[in-house]
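Residue numbers (my numbering): -8 to 193.
Ideal Cβ positions, reconstructed from N, Cα and C, are used throughout, including at glycine.
Beneath this line is the structure, given in structure tokens, with notes to follow.
Structure below.
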């Protein structure tokens, strides 16, 4: 009995390691497929790299989603042009998103639970993005780009924006929530087909 149990645990652990590794690699690749958004400053781009992390959080648990986010950004630090500031922001928000969604789904493993978890995760990610960007990410970014230039990029889109907190509330928070909701929609559409493969039942 003990041998059988140990073998089962070993297979699960191997599957978890392999699955998390594959999802991390996919997330790293997807991070390159970024594109600018016309209504956002040029230094803010959209990508689908949170998608594999969200799938990992549903398949293997919230910690797996956070690990995918960490590995993805750690790999991207080796080729970044944002002096790791972009990766720091991406990790903080991605970890909040996937951990929240994964925790809720863990308590209610159904399509409804997945939707609720990911939607709540998107909103929480948007809320956290405000203090995260205001007190951590953008102050770090000012070492490479003056705050006046950062705010100027926002005021070009909306002249009434004169403070960083205004820019974050008007632009970044809604953008972050929408980004999460897009990942949510895609995940809900494809997760059922991927789940058996990720869990070794396909």
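Our contact map puts residue i next to residue j with C-beta atoms below 8 angstroms; I'd like the distance itself, whole angstroms only.
i           : j           : result
residue 179 : residue 102 : 7 angstroms
residue 80  : residue 123 : 7 angstroms
residue 15  : residue 59  : 5 angstroms
residue 52  : residue 12  : Contact flag wrong, Cβ pair sits at about 15 angstroms.
residue 69  : residue 77  : Going by Cβ atoms, the distance from residue 69 to residue 77 rounds to 13 angstroms, so no, they are not a contact pair.
Does DSSP classify residue i as helix, strand or coil?
i           : result
residue 187 : helix
residue 39  : coil
residue 27  : strand
residue 50  : helix
residue -8  : Any reading at residue -8 must be qualified, since the residue scores a pLDDT of 47, below 50, and its modelled position is unreliable; the value itself is stated next. Coil.
residue 13  : helix
residue 66  : helix
residue 149 : coil
residue 130 : helix
residue 157 : helix
residue 165 : helix
residue 136 : coil
residue 174 : helix
residue 6   : helix
residue 94  : helix
From the options, pick the residue whose C-alpha is nearest to that of residue i; which is it?
i           : options               : result
residue 20  : 75, 35, 62 and 159    : 62
residue 158 : 17, 138 and 171       : 138
residue 146 : 133, 136, 132 and 162 : 162
residue 172 : 110, 189, 134 and 188 : 110
residue 118 : 25, 94 and 160        : 160
residue 167 : 71, 1, 22 and 31      : 31
residue 96  : 72, 22, 47 and 143    : 47
residue 29  : 188, 133 and 144      : 144
residue 41  : 25, 187 and 188       : 25
residue 43  : 64, 34, 1 and 134     : 64
Checklist entry - Three or more C-beta pairs closer than 8 angstroms, one from the region 109 to 116 and one from the region 126 to 138: is that the case here? => result no
Next on the checklist: When you compare the region 143 to 163 with the region 80 to 90, are there three or more beta-carbon pairs, one atom per stretch, that lie closer than 8 angstroms?
Outcome noted: no
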